[in-house]
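Only one structure is covered here, and it is reproduced in the block below.
Listed below in structure tokens is the structure:
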């Protein structure tokens, strides 16, 4: 296969963490010319861009790009850019240490509801000492929306712990121990079985506002929601309404439509909503830098990189 021997020019724009990424990439690609937004560089010479929440309009000046790497779990910040050329490959991170973190977060959040810790927290606020029966874990059905690498890991871990788990995705997936559903026609049936609904779908035009008053109504009365994917997936006013009317038990939210969550937002002091500041799974720089360096080497050898995003589906 043909080999590109020229040293690659790499731009990093990582929302304030440029120095950490640059250090890691320099160690792995010592011959590369690596710059950040604070450096003087010619945009027309950049071969590869590493982005996380890049400044608006940056892509249109990079006229020689061979690929864009997303430095987070999602790629919506890249593929939604109106200046992204159709022929430029977008490459996502494949796990990079995030699956274990997502599993930990969702085990904690699912047990929060399954073991009635939300109820005991409310009792503590009013000095009530009252015990409740401990439900059998197998009687609690968890539905996982999104069965990619992270969703599949979370679903499997919850199943191994004893939860009854089902999963829903755009196309049919087979995961041992998990009942799977696929496509729009099966969505309402999937929702109807979920005592706890976990959202791990990517953000795409199809998933924005997917959980709204109509779809939330298909969840069983007393169901709970855990969202560590993207805030735009849930209509926040509809979620509040479903909780306040008693249809939903509560929510455990790591993401919001607007981040940071505004101080005046009703989620902050709602007694049935738990908030964490988008910490479910942090990108591990070292593991991610390994993947990126390997993919740049693959492309230099004329090979296809791993983690290519399907621009049609948006993930």
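Numbering (this note's numbering), first residue to last: -15 to 299.
Glycine is no exception: its CB is placed at the ideal position from the N, C-alpha and C atoms.
Taking C-beta atoms as the reference points, residue 293 and residue 59 count as a pair closer than 8 Å.
Counted as a single uninterrupted DSSP element, the alpha helix (DSSP H) harbouring residue 145 occupies residues 133 to 145. Residue 91 sits in a helix when the DSSP states are folded into three classes. Going by DSSP, residue 33 is part of the beta strand (DSSP E) stretching over 32 to 35. When the five nearest sequence neighbours on each side are left out, the beta carbons in the same chain lying within less than 8 Å of the beta carbon of residue 96 are those of 102, 236 and 258, in order along the chain.
A distance below 8 Å separates the beta carbons of residue 39 and residue -3. In terms of CA proximity to residue 200, 182 leads the group 213, 182 and 36. DSSP lists 153 as the beta-bridge partner residues of residue 166.
Scanning its chain for C-beta atoms nearer than 6 Å, with the 5 sequence neighbours on each side dropped, one finds around residue 176 the residues 202, in chain order. For residue 121, the secondary structure class from DSSP, reduced to helix, strand or coil, is helix. About 12 Å separates the CB atoms of residue 266 and residue 88; that is not less than 8 Å, and the two are not in contact. Between the segment 280 to 295 and the segment 143 to 152 there are fewer than three inter-stretch CB-CB distances shorter than 8 Å, so the stretches are not counted as touching.
Around the beta carbon of residue 23, fewer than 16 other beta carbons sit within 10 angstroms, so the residue counts as exposed.
Separation of the CB atoms of residue -8 and residue 28 is rounded to 14 Å, and the pair is thereby denied contact status at 8 Å. Under the three-state reduction of DSSP, residue 110 is assigned to coil, being neither helix nor strand.
In the displayed model, residue 127 falls within a strand according to three-state DSSP. When secondary structure is reduced to three states using DSSP, residue 282 falls in the helix class.
When 18, 35, 51 and 191 are compared, the shortest CA-CA separation from residue 284 is found for 51. Residue -10 sits exposed, since fewer than 16 C-beta atoms from the chains shown fall within 10 Å of its C-beta. Comparing alpha-carbon positions, the option among 271, 255 and 279 lying closest to residue 108 turns out to be 255. Contact between residue 273 and residue 57 fails: their C-beta atoms lie close to 16 Å from each other, not under 8 Å.
Distance from the Cα of residue 277 is smallest, within the candidate group 83, 12, 0 and 180, for 12.
For residue 233, the three-state secondary structure derived from DSSP is strand. In the structure shown, residue 64 falls within a coil segment according to DSSP collapsed to helix, strand and coil.
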